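*Asks:*
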Amino acid sequence: MSYAVDVKNLTKRFQGHTIVDHIGIRLPCGQICGFLGPNGGGKTTTIRMLCGLLRPDEGEGVCLGLDLGRDADKIRSRTGYMTQKFSFWEDLTVRENLEFVAKMFAMNHVEDRLRECLRNFGLTLRADQLAGELSGGWRQRLALAACILHEPELLLLDEPTAGVDPKSRREFWNEIKEFTNRGLTTLVSTHYMDEAERCDKIIYIADGHIVAEGSAGELMEKSGAGSLEESFIYYIDEVWKGEP
Amino acid sequence: MTVSFTKICAILKKEFLQLKRDRATAAMVVLIPIVQLLLFGYAIDNDPRHLHTALLSRDNGVFSRTIAAGLKNSEYFRVDEEVASDDGGRKLLQQGVVQFVLTIPEDFSRNLVRGRGPSLLLEADASDPVTVAGAVGALNGILTTSLRRCLNGPLSFLGKSAVSPLNIMVHKLYNPEGFTRYNIIPGLIGVLLLLTGMMITALSLTRERERGTMENMLSMPVTPIEVMCGKIVPYILIGYLQAAVIILVAYFLFDIPILGSSWLLALTLLMFLMCNLALGFAISTAAKNQMQSIQMTIFLFLPSIMLSGFMFPFSGMPQWAQAIGNCIPMTYFIRIARGIILKGSNFSEIWRNFWPLLLLMLTTTAAAVRLYRKTLD
Ligand SMILES: Nc1ncnc2c1ncn2[C@@H]1O[C@H](COP(=O)(O)OP(=O)(O)OP(=O)(O)O)[C@@H](O)[C@H]1O
Ligand SMILES: [Mg+2]
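Here the protein sequences line up with chains A and B, keeping their order. Sequential numbering of the first sequence, starting at -4, is according to our numbering. Sequential numbering of the second sequence, starting at 15, is according to our numbering.
1) Name the residue from Arg73/A, Thr6/A, Gln79/A and Met44/A whose alpha carbon lies nearest to the alpha carbon of Gly158/A.
2) For Leu371/B versus Met242/B, is the C-beta spacing smaller than 7 Å?
3) Where in the region 9 to 47 of chain A do unbroken runs of the alpha helix (DSSP H), each at least 4 residues long, occur, reported from the N-terminal end onward?
4) Under the criterion of a Cβ to heavy atom distance below 6 Å, does Gln135/A qualify as lining ligand 2?
5) Spell out whether any CB of chain B is found under 7 Å from the CB atom of Asp153/A.
6) Between His66/B and Gln108/B, how many whole angstroms is the CB-CB distance? I'm expecting something under 8 Å.
7) I need the straight-line Cα distance from Phe122/B to Asp100/B, nearest angstrom please.
8) Let me know if Arg177/A comes out buried or exposed under the rule of 16 or more other beta-carbons within 10 Å of its beta-carbon.
9) Can you determine whether any heavy atom of ligand 2 sits closer than 6 Å to the C-beta of Lys7/A, and answer yes or no?
10) Using a Cβ-Cβ cut-off of 7 Å, state whether Glu229/B counts as contacting chain A.
11) State the start and end residues of the unbroken alpha helix (DSSP H) segment that holds Glu89/B.
12) Can you find a CB in chain A that lies within less than 7 Å of the CB of Ala24/B?
13) Can you name the residues that DSSP bridges to Lys3/A?
14) Could you work out which residues of chain A lie near Gly226/B, taking near to mean beta carbons separated by less than 8 Å?
15) How big is the Cα-Cα spacing for Arg35/B and Gln256/B?
16) Would you grab the beta carbon distance between Cys112/A and Leu93/A for me? Rounded to a whole angstrom, and I think it's under 8 Å.
17) Using a Cβ cut-off of 8 Å, which residues of the region 243 to 275 of chain B contact any Cβ in chain A, in chain order?
18) If you follow the alpha helix (DSSP H) that Gly201/B is in, where does it begin and where does it stop?
19) Should Ser362/B be labelled buried (16 or more other beta-carbon atoms within 10 Å of its own) or exposed?
20) Would you mind giving the Cβ-Cβ distance between Lys28/B and Phe95/A, rounded to the nearest angstrom? I have them listed as a contact below 8 Å.
21) Find the nearest neighbour of Ser329/B within the set Gly110/B, Gly155/B and Arg349/B, judged by alpha-carbon distance.
22) Reducing DSSP to helix, strand and coil, say where Ser(-3)/A ends up.
23) Quick one: does Leu219/B have its CB under 7 Å from some CB of chain A?
24) Do Gly11/A and ligand 1 come close, with the Cβ less than 6 Å from some heavy atom?
25) For the alpha helix (DSSP H) containing Asp107/A, name the first residue and the last one.
26) Excluding sequence positions up to five away, which residues of its chain have a Cβ less than 6 Å from the Cβ of Ile252/B?
27) From the DSSP output, read off the bridge partner residues of Met77/A.
28) Closer than 7 Å by C-beta to Ala191/A: which residues in its own chain qualify, once you throw out the five before and the five after it? Chain order, please.
29) Report the rounded CA-to-CA distance for Asp123/A versus Arg90/A, giving the unit in angstroms.
30) Let me know the secondary structure DSSP gives Ser71/B once reduced to three states.
31) Out of Gly75/A, Ile20/A, Cys194/A and Asn34/A, which has the shortest C-alpha to C-alpha gap to Ile231/A?
32) From this set, Lys38/A, Asp160/A, Ile171/A and Pro51/A, which residue's C-alpha is nearest Gly203/A's C-alpha?
33) Kindly list, in the order they appear in chain A, the residues whose Cβ is closer than 7 Å to that of Pro238/B.
34) Under 9 Å between beta-carbons, which chain B residues line up against Leu87/A? List them in chain order, please.
35) Is the beta carbon of Ser233/B closer than 7 Å to that of Tyr76/A?
36) Is Phe100/A helix, strand or coil when you go by DSSP?
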């Protein structure tokens, strides 16, 4: 099996605290992988290291066949990263934001691609609204549209559906599935178990360690839990048992 | 490192859109120079009157009395004191009680009548060269009119002759650098461009970091040079706009023209702006938030106005202060701008200050590019 992401011993320290501790991540090409863990577990930090926003203190590996340390620039241009916190320019309109992203990725046929993207995400009517005036759910939609705009091969989504209503969440996931069918590899962090169940593979991370990974079925089986949510709690409790 | 023109243009467009929608900043950019100039500008007294003067008369002849009377009757001078000795006059000058001491030498009247063209000595406190130049002109006028009335009958040939019957010798004291009140205009351009230039770039980058948009930008394939160009060009234009506002207001309100080449001034402005913007850029890489970047801006701003010759004459500063001043772009900018605007200096005259500014521009720009971090940590 070929992997879009294959890294090991990835480590990040902040002010002497080890936030991510020698973790290995393998994402098979064309799969959706769920990234779950308690708050402060190190999900955002890991994702940032994968897309070159943070330099790992230790660890090596490849993303899209490119070396994580040396080819950060090339990895960037083939990866779509959606930040956990909304990070578009609030004083630009939806269209201006998307246009900016398109130019930054040196895209051709910007106009056509923009129109298509606005339509796919139902943003056409809001195209000329300032991003800062959008409601939470629509902001997420803009962010998702922006990170898929340049047709990346790897998607790193950090809680894309936080604050999104159930119906839109379903639409989001259908959208993500759609990308995957076209060959995209996705790593998505989330706190929703129903979303985790839709993933091909799930990774649990707590205190900077990977505590379990596998398909939803495997995780439930191994932990002997009746549901995915219970398996999550089981594994996290396992980690935290040793600590006061 | 590759540089993409499209990417630079995209950042440029974004900056302009954001500026356009940020009305408060846009208004400040234009209003601050106008308000500052009006405040400082009206402190400039364009038409001085009743300049304090001391008279030292060593001659009791009729002509010296005529001159004294003419001086007293004029609006321009005000004779406060009549002193008896050189020392007395010097002392008053030193204390700043008077701005001028006029000395009428012994045998002045006799020498005048004999057509020997005697000299009057005008000692001036030249901390204000413009006033001194005006005063010398005024004194000439006063002497001519008051003497003409006396030089009649057999002496009329003295008044008619092409050579003036007397000379005025001017001794300028206290101001070797020729500091003028108008120095405030080039200085003000410097101060404003320094402050707004550094602050506006530093803030625009730290704001991106604070709001999280930097994370987004960093996740895109864009090089430091591209970011820097995109971020700096709009503020160069703003800097030019501010300089233009000051120069125009100075011209129309205070009659201060640019004596030298405008192109040369524009080139100097460009280098100076680049220095400030690069410094702002560098500040933003060190500051964690907008508050810090404002503090750092002030931290760099203060020595720039204190030690650059803007506030105090450079040659009067202690050695250590001059050494610091020599590393500050503002020092060279002020000298060049004063030269071009007030003295009409040409390129070879400003070269001595031009190359250090160029050097500082290259260093600060290189430092800014190097300091730019492509990651969040
Ligand atoms: N720049 C930083 N400096 C210092 N500590 C940091 C920094 N970034 C993250 N941390 C710490 O690292 C830990 C992990 O943070 P991270 O954002 O990766 O967690 P997360 O799994 O994404 O949590 P959440 O589910 O709440 O988003 C936290 O304890 C956080 O305080
Ligand atoms: Mg997070």
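Glycine residues also receive a C-beta, built at the ideal position from the N, C-alpha and C atoms. Predicted model only: the values in this text are computed from it and were never measured.
*Replies:* Inspection of the coordinates gives the following:
1) Numbered from its first residue, the first sequence carries residue 158/A at position 163. Out of Arg73/A, Thr6/A, Gln79/A and Met44/A, Gln79/A has the C-alpha closest to the C-alpha of Gly158/A.
2) In the second sequence, residue 371/B corresponds to position 357, counting from 1. In the second sequence, residue 242/B corresponds to position 228, counting from 1. With contacts defined as CB atoms closer than 7 Å, Leu371/B and Met242/B fail to qualify as a contacting pair.
3) Runs of the alpha helix (DSSP H) inside the region 9 to 47 of chain A: 38 to 45.
4) In the first sequence, residue 135/A corresponds to position 140, counting from 1. Gln135/A Cβ: outside cutoff for every heavy atom of ligand 2.
5) Counting from one through the first sequence, the residue named residue 153/A turns up at place 158. Answer no: the Cβ-Cβ gap between Asp153/A and chain B never drops below 7 Å.
6) Taking the second sequence and counting its residues from 1, one reaches residue 66/B at position 52. Taking the second sequence and counting its residues from 1, one reaches residue 108/B at position 94. Beta-carbon to beta-carbon, His66/B and Gln108/B are separated by about 13 Å, too far to satisfy the 8 Å threshold.
7) The residue you call residue 122/B lines up with position 108 of the second sequence. The residue you call residue 100/B lines up with position 86 of the second sequence. A direct Cα-to-Cα measurement between Phe122/B and Asp100/B gives close to 16 Å.
8) As a working note, residue 177/A is residue 182 in the first sequence. Arg177/A comes out exposed.
9) Your numbering for residue 7/A matches position 12 in the first sequence. Within the chosen limit of 6 Å, ligand 2 does not reach the beta carbon of Lys7/A with any heavy atom.
10) Counted from its first residue, the second sequence places residue 229/B at position 215. Among the CB atoms of chain A, one or more fall inside 7 Å of the CB of Glu229/B.
11) If you number the second sequence from 1, residue 89/B lands on position 75. For Glu89/B, there is no enclosing alpha helix (DSSP H), as DSSP marks it with neither H nor E.
12) Position 10 of the second sequence holds residue 24/B. Residue-level contact by beta carbon holds for Ala24/B and chain A, with a gap shorter than 7 Å.
13) As a working mapping, residue 3/A is identified with position 8 in the first sequence. In DSSP, Lys3/A forms a bridge with Glu55/A.
14) In the second sequence, residue 226/B corresponds to position 212, counting from 1. Listed along the chain, the chain A residues whose CB falls inside 8 Å of the CB of Gly226/B are Thr78, Lys80, Phe81 and Ser82.
15) As a working mapping, residue 35/B is identified with position 21 in the second sequence. As a working mapping, residue 256/B is identified with position 242 in the second sequence. When rounded, the separation of the alpha-carbon atoms in Arg35/B and Gln256/B is 19 Å.
16) For the purposes of this step, residue 112/A is taken as residue 117 along the first sequence, with counting starting at 1. For the purposes of this step, residue 93/A is taken as residue 98 along the first sequence, with counting starting at 1. A Cβ-Cβ distance of about 7 Å is found for the pair Cys112/A and Leu93/A, placing them in contact under the 8 Å criterion.
17) Legend: CB atoms of the region 243 to 275 of chain B lying less than 8 Å from CB atoms of chain A are not found in any residue.
18) As a first step, residue 201/B must be located in the second sequence, where it is residue number 187. Segment Ile198 to Arg225, the alpha helix (DSSP H) holding Gly201/B.
19) What you label residue 362/B is simply residue 348 of the second sequence in a count that begins at 1. The residue in question, Ser362/B, is exposed, as its Cβ has fewer than 16 Cβ neighbours within 10 Å.
20) Translated into the one-based positions of the second sequence, residue 28/B becomes position 14. Translated into the one-based positions of the first sequence, residue 95/A becomes position 100. Contact holds; Cβ gap of about 5 Å.
21) Along the second sequence, one-based indexing puts residue 329/B at 315. Nearest neighbour of Ser329/B by Cα position, chosen from Gly110/B, Gly155/B and Arg349/B, turns out to be Arg349/B.
22) As a first step, residue -3/A must be located in the first sequence, where it is residue number 2. DSSP, reduced to helix, strand and coil, places Ser(-3)/A outside both helices and strands of the structure shown, so it counts as coil.
23) The count along the second sequence starts at 1 and reaches residue 219/B at position 205. No - not a single Cβ of chain A is within 7 Å of the one on Leu219/B.
24) Here residue 11/A refers to the residue found at position 16 when the first sequence is read from its first residue. The answer is no for Gly11/A.
25) Here residue 107/A is taken as the residue at index 112 of the first sequence, counted from 1. Residues Val105 to Asn115.
26) Reading the second sequence from its first residue, position 238 is the one you call residue 252/B. Only Val43 meet the Cβ criterion.
27) Along the first sequence, one-based indexing puts residue 77/A at 82. Checking the DSSP bridge columns, you'll see Met77/A partnered with Leu152/A.
28) Within the first sequence, numbered from 1, the residue matching residue 191/A stands at position 196. If you ignore the 5 residues before and after Ala191/A, its C-beta comes within less than 7 Å of the C-beta of Gly29, Leu31, Thr185, Ile197, Ala211 and Leu223, all in its own chain and listed in chain order.
29) One-based indexing of the first sequence puts residue 123/A at position 128. One-based indexing of the first sequence puts residue 90/A at position 95. Rounded to whole angstroms, the separation of the alpha carbons of Arg90/A and Asp123/A is 6 Å.
30) On the second sequence, position 57 is the one that residue 71/B refers to. The three-state reading of DSSP puts Ser71/B in strand, counting E and B together.
31) Here residue 231/A refers to the residue found at position 236 of the first sequence. Minimum Cα-Cα distance from Ile231/A among the listed residues Gly75/A, Ile20/A, Cys194/A and Asn34/A corresponds to Asn34/A.
32) The residue given as residue 203/A occupies position 208 in the first sequence. The shortest C-alpha to C-alpha distance from Gly203/A to any of Lys38/A, Asp160/A, Ile171/A and Pro51/A is the one to Lys38/A.
33) One-based indexing of the second sequence puts residue 238/B at position 224. The premise fails here: Pro238/B is roughly 11 Å from chain A at the closest Cβ pair, so nothing lies under 7 Å.
34) As a first step, residue 87/A must be located in the first sequence, where it is residue number 92. Listed along chain B, the residues sitting closer than 9 Å to Leu87/A by beta-carbon distance are Lys28, Leu31, Gln32 and Arg35.
35) Here residue 76/A refers to the residue found at position 81 of the first sequence. Here residue 233/B refers to the residue found at position 219 of the second sequence. Yes, Cβ-Cβ distance for Tyr76/A and Ser233/B is below 7 Å.
36) Start at 1 with the first residue of the first sequence, and residue 100/A comes out as number 105. Reduced to three states, the DSSP call for Phe100/A is coil.
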